[in-house]
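Be aware that the sequence shown starts at 90, since it is given in our numbering, and climbs by one per residue. All C-beta atoms, glycine included, are put in the ideal place defined by N, C-alpha and C. Since we're looking at a predicted model, the values are computed, not measured.
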Amino acid sequence: MKRFPPAVRNAMCGRDIAATLVPVQLDGGLWEAVLFLRLAGPECKADRRTLSRAQGPLAVGIESDVIEDPSGAVVMLRLEVHTDAGDPFAAEILLTPGCNESHFEAMRLLGGQPRLCWFFGDADAAVLHAQSHSLSEEQRRGFAEIAQDAARHDALIRCTGRYDADAALEAVRARYAPRTDAAALS
Numbered sequence: 090m091k092r093f094p095p096a097v098r099n100a101m102c103g104r105d106i107a108a109t110l111v112p113v114q115l116d117g118g119l120w121e122a123v124l125f126l127r128l129a130g131p132e133c134k135a136d137r138r139t140l141s142r143a144q145g146p147l148a149v150g151i152e153s154d155v156i157e158d159p160s161g162a163v164v165m166l167r168l169e170v171h172t173d174a175g176d177p178f179a180a181e182i183l184l185t186p187g188c189n190e191s192h193f194e195a196m197r198l199l200g201g202q203p204r205l206c207w208f209f210g211d212a213d214a215a216v217l218h219a220q221s222h223s224l225s226e227e228q229r230r231g232f233a234e235i236a237q238d239a240a241r242h243d244a245l246i247r248c249t250g251r252y253d254a255d256a257a258l259e260a261v262r263a264r265y266a267p268r269t270d271a272a273a274l275s
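Written as structure tokens, this is what we have:
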């Protein structure tokens with residue numbers, strides 16, 4: 090793959106998204122959840138250089154959690170790519186599997202697939218580096234449990250009639266918004 094798939098590229102470039110997890114069929118094989126990371130802008134110049142020169146896999150990390158908002162569940166995936174030992178490239182992906190079929194399918198696939206593929210691209214989504222690593226049974230079970238926790242939380246919220254994935258997503262985004270007011274800085 091020389092570039093991200095057109096649908097992924099258009100979605101990421103059109104909304105200035107740095108990372109996404111989507112179901113993809115690689116080389117005509119089975120569907121699997123795949124990570125795409127787009128390193129754009131001058132702040133990622135050193136990372137892009139490291140990725141384009143990499144001869145093998147880079148150290149990567151992924152943490153996941155369910156954020157249970159009163160309006161619905163948001164799954165957070167925090168990615169770290171160790172392009173620089175002292176300053177890894179980090180990105181967070183927020184998924185609403187209770188509302189978005191692609192998010193639900195990606196989480197379902199993570200719970201069962203044998204590997205996780207990572208594709209790293211530049212501002213135009215040209216692939217600079219790609220790697221994959223095996224997922225252990227424990228890792229797959231962890232992803233499956235997170236998907237189940239999100240589904241369980243959303244089912245309870247739906248029973249109350251208060252389910253609103255957009256409101257849940259916005260509440261989580263607001264937690265990450267930079268605060269510059271005097272109260273937040275003291």
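Rounded to whole angstroms, what is the Cα-Cα separation between residue i and residue j?
i: R229; j: L115; result: 19 Å
i: V113; j: L199; result: 12 Å
i: F232; j: L166; result: 10 Å
i: V111; j: H222; result: 17 Å
i: I106; j: A143; result: 23 Å
i: S141; j: A100; result: 23 Å
i: F208; j: L126; result: 6 Å
i: E121; j: S191; result: 11 Å
i: Y252; j: A180; result: 27 Å
i: L124; j: A260; result: 24 Å
i: A174; j: T139; result: 11 Å
i: Q237; j: G250; result: 20 Å
i: E132; j: V170; result: 15 Å
List the whole-angstrom C-beta distance separating residue i from residue j, where the pair is believed to meet the contact cut-off of C-beta under 8 Å.
i: M196; j: I246; result: Their Cβ separation, rounded to whole angstroms, is 17 Å, which puts M196 and I246 out of contact at 8 Å.
i: A135; j: D211; result: Going by Cβ atoms, the distance from A135 to D211 rounds to 13 Å, so no, they are not a contact pair.
For residue i, does the three-state DSSP call read helix, strand or coil?
i: L224; result: coil
i: L217; result: strand
i: L183; result: strand
i: C248; result: helix
Flag residue i as yes when its Cβ comes closer than 8 Å to any non-hydrogen atom of the ligand COA, and as no otherwise.
i: L147; result: The model on display carries no ligand, and the ligand COA is accordingly not part of it.
Which parts of the stretch 92-133 are runs of the beta strand (DSSP E), unbroken and 3 residues or longer, counting only runs that do not cross its ends? 108-114 and 120-127
Every unbroken beta strand (DSSP E) inside the stretch 154-179 [3 residues or more]: 161-170
Give a yes or no on contact between the stretch 201-213 and the stretch 153-161, applying the rule of three or more CB pairs nearer than 8 Å. no
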